[in-house]
Ligand SMILES: Cc1cc2nc3c(=O)[nH]c(=O)nc-3n(C[C@H](O)[C@H](O)[C@H](O)COP(=O)(O)O)c2cc1C
């Protein structure tokens with residue numbers, strides 16, 4: 001049994017949903033798991049975990065500054081354990097952009113940090129226009145129009161491949 005920590009960053013809760021599914025799979029494999037929002041991570045003793053996973057969503061082309069800070073401050077301890085990183089974004093709804101090698105945000109992120117995650121994953125996120133304020137809704141609809149995604153303001157669509165999330169959970173259990 002391993003004691004596994006997942007640190008996540010979410011704005012609308014979808015990355016947390018993904019973490020909850022991972023928790024289920026990882027616990028079913030007999031491990032213990034703790035989920036912590038990166039905003040509350042300073043109180044966590046990273047040394048007490050056997051494996052660390054970080055997950056973060058993309059907003060306007062970037063992962064949250066708190067994730068960059070966490071990774072920068074803890075690169076050494078991260079590198080000393082089995083570890084993984086996953087990103088959540090809607091560009092990943094496109095099959096040609098949904099792997100660590102092809103997702104532009106993940107590629108960019110890895111160039112910006114010194115930590116070298118040992119395991120990587122990319123998950124497509126969710127669009128729920130009714131949830132966003134006017135500016136965000138208008139911006140995302142515009143981006144979707146450019147990238148040939150859904151623009152109907154009533155759209156509430158989850159692009160996430162949950163089988164892929166569960167498969168990643170098994171990889172984390174075994175890493
Ligand atoms: C304001 C806003 C900006 C976003 N910007 C991007 C973006 O630049 N690229 C992208 O692929 N997805 C973008 N997304 C989609 C999110 O990554 C997606 O909704 C994800 O599921 C959000 O996860 P979260 O709820 O954990 O934050 C954006 C979403 C919102 C609401």
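Numbering (our numbering), first residue to last: 1 to 175.
Just so it is clear, CB atoms sit at the ideal spot from N, CA and C, and this is done for glycine as well.
(request) Indicate the three-state DSSP secondary structure (helix, strand or coil) for residue 62 in the structure shown. (result) strand
(message) Assuming residue 173 is part of the beta strand (DSSP E), what are its boundary residues?
(response) Counting along the chain, residue 173 falls outside any beta strand (DSSP E), though it belongs to the alpha helix (DSSP H) covering 162-174.
(request) Using the beta-carbon of each residue, find all residues closer than 7 Å to any heavy atom of ligand 1 and list them in chain order. (result) 10, 11, 12, 13, 14, 15, 16, 57, 58, 59, 60, 61, 88, 89, 90, 91, 92, 105, 125, 126, 127, 132, 136, 139, 140 and 143
(message) I'd like to know whether the C-beta atoms of residue 91 and residue 104 end up nearer to each other than 8 Å.
(response) yes
(request) Entirely within the stretch 64-143 and at least 4 residues each: give me those alpha helix (DSSP H) ranges in chain order. (result) 65-73, 75-79 and 104-112
(message) For the stretch 125-140 against the stretch 69-83, do three or more pairs of beta-carbon atoms, one drawn from each stretch, fall closer than 8 Å, so that the two count as touching?
(response) no
(request) Give the DSSP bridge partners of residue 25, in chain order. (result) Beta-bridge pairing links residue 25 to no other residue.
(message) Would residue 68 and residue 35 qualify as a contact pair, given that the criterion is a beta-carbon distance under 8 Å?
(response) no
(message) Less than 7 Å between C-beta atoms, sequence neighbours within five positions excluded: which residues of the same chain meet that for residue 11?
(response) 57 and 59
(message) Checking the sheet assignment: what are the DSSP bridge partners for residue 3?
(response) 32
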